[in-house]
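Peer 1: Structure incoming, see below.
There are 2 protein chains.
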Amino acid sequence: MTTSNTGACDAEAAIEADPTVPMIHIRRDFTATAEQLFRAHTDRELYARWVGPAGQSVVVDRWDATQGGAFRFRGDDSDGAEQTFHGCFHTVRPDRIVQTFTWDGMPDDVALETMTFEDLGDGRTRLHATSLCDSFEARDGWLRSGMEVGVNDGYVALDRLLAAGEL
Amino acid sequence: MTTSNTGACDAEAAIEADPTVPMIHIRRDFTATAEQLFRAHTDRELYARWVGPAGQSVVVDRWDATQGGAFRFRGDDSDGAEQTFHGCFHTVRPDRIVQTFTWDGMPDDVALETMTFEDLGDGRTRLHATSLCDSFEARDGWLRSGMEVGVNDGYVALDRLLAAGEL
Chain Z
30 MTTSNTGACD AEAAIEADPT VPMIHIRRDF TATAEQLFRA HTDRELYARW VGPAGQSVVV
90 DRWDATQGGA FRFRGDDSDG AEQTFHGCFH TVRPDRIVQT FTWDGMPDDV ALETMTFEDL
150 GDGRTRLHAT SLCDSFEARD GWLRSGMEVG VNDGYVALDR LLAAGEL
Chain W
30 MTTSNTGACD AEAAIEADPT VPMIHIRRDF TATAEQLFRA HTDRELYARW VGPAGQSVVV
90 DRWDATQGGA FRFRGDDSDG AEQTFHGCFH TVRPDRIVQT FTWDGMPDDV ALETMTFEDL
150 GDGRTRLHAT SLCDSFEARD GWLRSGMEVG VNDGYVALDR LLAAGEL
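Protein chains in written order, with our numbering: chain Z, 30 to 196; chain W, 30 to 196.
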């Protein structure tokens with residue numbers, strides 16, 4: 030146990046474009062177990078407390094994080110703009126989540142997302158998340174959308190929940 | 030109305046590897062309306078009657094072809110070998126179906142499938158189906174798997190259902 034293990038903010042997520050396929054790779058280390066990160070992605074109440082950019086309140090309208098289940102949620106930012114998102118859960122296992130994801134502003138852009146949890150030892154876990162799009166244009170559109178703000182803010186909020194012992 | 034409109038077998042499906050992304054494109058014309066092709070892909074009983082290779086009997090264990098729904102089915106071929114498949118429905122609209130698809134023999138290979146229906150006039154409709162994989166290796170594995178037999182046999186069985194007026 031070191032003093033870095035106090036729930037202080039981890040480094041920013043690495044967000045990278047795959048060189049070969051229209052995929053985004055996200056990598057982020059947490060002071061958490063794989064089981065805690067799995068819960069953060071599958072528990073309805075917890076998910077709503079960390080996902081998305083800071084200042085956004087999330088309301089989950091549909092949530093069944095089991096194989097063949099689905100989700101829908103909306104984020105309301107501070108100036109009242111509402112964004113909605115939906116998808117379905119293809120695989121939900123402790124070591125792997127595969128789901129679809131769409132921002133309803135572009136309903137025909139569907140990303141296939143995969144999350145895995147790598148145990149780093151000493152109570153640390155690396156989250157690997159990928160988003161597969163059907164074209165490089167769509168993938169690059171996501172990368173230009175400012176997604177890194179929501180990704181990083183969300184993970185910082187998750188750090189805080191972990192530090193507060195709420196998972 | 031021409032005499033070709035008698036339910037005779039259409040040409041084989043065009044099955045092509047995308048040159049840029051790890052996707053398979055399937056294109057097949059039917060003597061059918063878009064609405065009939067939509068029903069063929071969303072009605073539980075109909076789907077079981079045409080999908081897959083000839084000689085395989087299909088049992089649908091789970092079926093909810095609505096946005097956020099899911100499916101699971103098994104195909105038993107004539108020598109008793111059983112294959113199971115599952116996925117979830119991301120989008121289900123009359124003009125567009127987006128779903129995930131996995132053969133349970135390779136549970137971590139997930140394809141994202143999109144089907145659209147192009148009205149060709151004169152009671153003919155072109156089915157466009159794509160399967161997006163997360164790597165070229167996985168995509169090429171599907172192409173080498175003999176999938177064209179199941180695809181083409183299935184569409185011939187669907188031709189017969191259409192000719193018999195069962196949709």
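Even glycine gets a Cβ: it sits at the ideal position worked out from N, Cα and C.
#1: When you compare the CB positions of PHE114 of chain W and GLN128 of chain W, do they come within less than 8 Å of one another, or not?
#2: Report the three-state DSSP secondary structure of GLY152 of chain Z (helix, strand or coil).
#3: Leaving out five residues before and five after PHE67 of chain Z in sequence, what residues of the same chain have Cβ atoms less than 6 Å from its Cβ?
#4: Measuring alpha carbon to alpha carbon, tell me which of W:PRO48, W:VAL121, W:ALA192 and W:TRP132 ends up nearest ARG146 of chain W.
#5: Chain W beta carbons: is any one of them nearer than 8 Å to that of ARG91 of chain Z?
#6: Could you name the residues of chain W that LEU161 of chain Z contacts, counting a contact when the two beta carbons are closer than 8 Å?
#7: Would you kindly work out how many angstroms separate the C-alpha atoms of ALA158 of chain Z and LEU172 of chain Z, rounded to a whole number?
#8: If we cut at 8 Å on Cβ distances, does ALA46 of chain W have a partner in chain Z?
#9: Less than 8 Å between CB atoms is the rule here; does MET52 of chain Z satisfy it with respect to chain W?
#10: Between the beta-carbon of MET24 of chain W and the beta-carbon of LEU156 of chain W, is there less than 8 Å?
#11: Quick one: Cα of GLU170 of chain W to Cα of GLU177 of chain W, how far?
#12: Bridge partners for LEU172 of chain Z per DSSP, in chain order?
#13: Could you pull the DSSP bridge partners for GLU111 of chain W from this structure?
#14: In terms of alpha-carbon separation, which member of W:TYR184, W:ALA42, W:ASP58 and W:GLU45 lies closest to GLY150 of chain W?
Peer 2: The answer reads as follows:
#1: Working through the second sequence from its first residue, we reach residue 114 of chain W at position 85. Working through the second sequence from its first residue, we reach residue 128 of chain W at position 99. Not a contact, by the Cβ cut-off of 8 Å.
#2: Translated into positions along the first sequence, residue 152 of chain Z becomes position 123. Note: GLY152 of chain Z maps to coil in three-state DSSP.
#3: To locate residue 67 of chain Z, count along the first sequence from 1; it is residue 38. Only PRO123 meet the Cβ criterion.
#4: For this step, residue 146 of chain W is matched to residue 117 along the second sequence. For the record, residue 146 of chain W in the displayed sequence is Phe; it is not Arg. Checked all of W:PRO48, W:VAL121, W:ALA192 and W:TRP132; the closest Cα to PHE146 of chain W is W:VAL121.
#5: What you label residue 91 of chain Z is simply residue 62 of the first sequence in a count that begins at 1. With 8 Å as the cut-off, ARG91 of chain Z counts as an interface residue toward chain W.
#6: Working through the first sequence from its first residue, we reach residue 161 of chain Z at position 132. Residues of chain W passing the Cβ test: LEU141, LEU161 and ASP163.
#7: Within the first sequence, residue 158 of chain Z is the residue found at index 129, counting from 1. Within the first sequence, residue 172 of chain Z is the residue found at index 143, counting from 1. About 14 Å.
#8: Locating residue 46 of chain W in the second sequence gives position 17, counting from the first residue. No, its Cβ sits nowhere closer than 8 Å to a Cβ of chain Z.
#9: Looking up residue 52 of chain Z in the first sequence gives position 23. Judged by the 8 Å Cβ criterion, MET52 of chain Z is in contact with chain W.
#10: Missing from the structure shown is residue 24 of chain W; chain W here goes from 30 to 196 and no further.
#11: Taking the first residue of the second sequence as position 1, residue 170 of chain W is located at position 141. Taking the first residue of the second sequence as position 1, residue 177 of chain W is located at position 148. It is worth fixing the name first, because residue 170 of chain W is Gly in this sequence and not Glu. Between GLY170 of chain W and GLU177 of chain W, the C-alpha separation is close to 12 Å.
#12: Locating residue 172 of chain Z in the first sequence gives position 143, counting from the first residue. Answer is none; LEU172 of chain Z lacks a bridge partner.
#13: The residue labelled residue 111 of chain W in the question sits at position 82 within the second sequence. W:ASP105, per the DSSP bridge assignment.
#14: Taking the second sequence and counting its residues from 1, the one referred to as residue 150 of chain W is at position 121. The candidate whose alpha carbon is nearest that of GLY150 of chain W is W:ASP58.
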